[in-house]
Amino acid sequence: MKKLSMILSIFILCSCVSESNNELTIYTSRQPQLIEPIIEDFYKDTGIKVNLLSGNAQELMERIDIEGEDSAADIFMTVDAGVLWQASERDIFSKTDSEILENNIPNHLRDPNNQWFGFSKRARTIVYANDQFSESDFSTYEDLSKPKWSGKLCLRTSKKVYNRSLISSMINEYGFENAKEVVSGWVSNLATEVFSNDTNALKAVSSGQCGVTIVNTYYFARLLGDPKYDNLSIFWANQDDRGVHVNISGAGILKTSKNKANAKKLLEYFASEDAQYFYASANKEYPVIDDALIDKSIKSWGKFKEDTVNVSMLGSLQKQAVYLAQEVGYK
Ligand code: FE
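Here is the structure:
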């Protein structure tokens, strides 16, 4: 029943699907209001109208499979490289060769086979209570597994793809067994049950239930300006080694698209310097191109060194990450 109502709501959201050449349709699990301003600008510049059909990533991928050749979708857009990797495993993307995409988007933020591309960067790092700790207390994700953090750590559930991707990045860096030791240390240090979302983990740190957590920075950005959360500070993890774990929101052109040339134009538009600012700042994320402006509300956090492992690795190691979390009882 839930599924049926989801499918119905998808239809209501987009009653405007068309296959005409001057229209494109994006199936997106990234919230539509984050991309609407950019596709309006794209329409003004090119005369190409973009329709959005919004829904849950897994359901949209299923729908693309079911619709097959008849699908009106030209582009699949989603968050987390793990999901983009799954989409390419399902063989729904075509290859898009574009000098603009290759030049503008760093290697590690796109699929090595050019099936999908990252258009914003999502950093997942440490946020701590500055009324309990100071900057010098922190160093790495791994350090949070040490006994000194016992009863101080709050985490979101490992069922969320963001944490699976973070664990994947650790498996990639130093192998399954070492990563398992780290995550097992986290679990022993938990102050509370795991949270269903990053925002509640942040609130628990602010209220003193725990002292530190790991979140995507845009969730912290949403709390900025509320004096209640002035006791939260960000810490860029692992700056002396591999850098902060970054993930992406991204998109690729579908195999079944009848408008691949226009779809490519739109992806290239997303990767342009101006659009990059709007695309990233709409959700207080980071642009994928270095020269693009960063939202002013998060500028004070400064620059950070990021892990440059190719984000497709976060997908291919996902199964191991799930297994690892189960093994150590990280719910
Ligand atoms: Fe999120």
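Under our numbering, the final residue of the sequence shown carries the number 317; numbering is consecutive throughout.
All residues carry an ideal CB built from backbone N, CA and C; glycine is no exception.
{"Query": "Short of 8 Å in beta carbon distance, which residues of its chain neighbour V36, apart from the five on each side in sequence? Order them along the chain.", "Result": "E9, L10, T11, I12, I25, F28, Y29, L252"}
{"Query": "Taking the C-alpha atoms as reference points, what is the distance between S154 and M299?", "Result": "7 Å"}
{"Query": "Taking 8 Å as the cut-off, is the beta-carbon of D184 closer than that to any non-hydrogen atom of the ligand NAD?", "Result": "Questions concerning the ligand NAD fall outside what the structure shown contains, since the ligands it does hold are the ligand FE."}
{"Query": "At which residue ranges does the segment 121 to 162 contain complete alpha helix (DSSP H) runs of 4 or more residues, listed in the order of the chain?", "Result": "147 to 160"}
{"Query": "Taking three-plus beta-carbon pairs below 8 Å as touching, is the segment 287 to 307 in contact with the segment 98 to 113?", "Result": "yes"}
{"Query": "Report whether the distance from the Cβ of R108 to the nearest heavy atom of the ligand FE is below 8 Å.", "Result": "yes"}
{"Query": "What is the DSSP secondary structure of T64, reduced to helix, strand or coil?", "Result": "strand"}
{"Query": "May I ask you to report which of helix, strand or coil DSSP gives G41?", "Result": "coil"}
{"Query": "Could you pull the start and end residues of the alpha helix (DSSP H) that E26 belongs to?", "Result": "18 to 32"}
{"Query": "Does the beta-carbon distance from V113 to V191 come in below 9 Å?", "Result": "yes"}
{"Query": "Excluding the 5 residues flanking K270 on each side, which residues of the same chain have their C-beta closer than 6 Å to its C-beta?", "Result": "Y204, A207, D281, I284"}
{"Query": "From this set, D60, E167, N186, I34, which residue's C-alpha is nearest G315's C-alpha?", "Result": "E167"}
{"Query": "For the alpha helix (DSSP H) that contains T111, what are its first and last residues?", "Result": "No alpha helix (DSSP H) contains T111, which is instead part of the beta strand (DSSP E) from 103 to 115."}
{"Query": "For the ligand FE, any of its heavy atoms closer than 8 Å to the Cβ of Y148?", "Result": "yes"}
{"Query": "So I162 and Q306 are supposed to be a Cβ contact under 8 Å. How far apart are they, rounded?", "Result": "In the sequence as presented, Ile is not what sits at residue 162; that position holds Phe. Indeed they touch by this definition, with Cβ atoms about 6 Å apart."}
{"Query": "So which of G54, E259, T126, G104 has the shortest CA-CA distance to S226?", "Result": "The sequence as given places Asp at residue 226; Ser does not occur at that position. Nearest C-alpha to D226: T126."}
{"Query": "Assuming the contact rule is C-beta atoms closer than 8 Å, K246 and S80 should be a hit. Round their C-beta distance to whole Å, please.", "Result": "7 Å"}
{"Query": "Sort out for me which residues DSSP pairs V201 with in a bridge.", "Result": "T111"}
{"Query": "Mapping DSSP to helix, strand and coil, what is K189?", "Result": "helix"}
{"Query": "Between the C-alpha atoms of E313 and R76, what's the straight-line distance to the nearest angstrom?", "Result": "27 Å"}
{"Query": "Tell me whether A311 is buried or exposed, calling it buried when 16 or more other Cβ atoms sit within 10 Å of its Cβ.", "Result": "buried"}
{"Query": "Relative to the ligand FE, is the shortest distance from any of its heavy atoms to the C-beta of V65 smaller than 8 Å?", "Result": "yes"}
{"Query": "Find out if the Cβ-Cβ distance for the pair S235, R49 is shorter than 9 Å.", "Result": "no"}
{"Query": "Could you tell me whether any non-hydrogen atom of the ligand FE is closer than 8 Å to the CB of Y272?", "Result": "no"}
{"Query": "Since V230 sits in a beta bridge, which residues does DSSP pair it with?", "Result": "E292"}
{"Query": "Got a sec? Which residues, its chain only, sit under 6 Å from Y272 by beta carbon, not counting five neighbours each side?", "Result": "K107, A266"}
{"Query": "Are the beta-carbon atoms of A67 and M47 separated by less than 9 Å?", "Result": "no"}
{"Query": "Can you check DSSP and say which residues form a bridge with K35?", "Result": "E9"}
{"Query": "Rank S193, D60, K241 by C-alpha distance to the C-alpha of Q118 and give the top, closest one.", "Result": "S193"}
{"Query": "Heavy atom of the ligand FE less than 8 Å from the Cβ of N202, yes or no?", "Result": "yes"}
{"Query": "Return helix, strand or coil for G236, following the three-state DSSP convention.", "Result": "strand"}
{"Query": "If you reduce the DSSP assignment to three classes, tell me which class L(-10) lands in.", "Result": "Note that L(-10) scores a pLDDT of 45, beneath 50, so its modelled location is shaky; the value from the coordinates is reported in the next line. Residue state, collapsed to three classes: helix."}
{"Query": "If we count the other Cβ atoms within 10 Å of its Cβ and call it buried at 16 or more, is G33 buried or exposed?", "Result": "exposed"}
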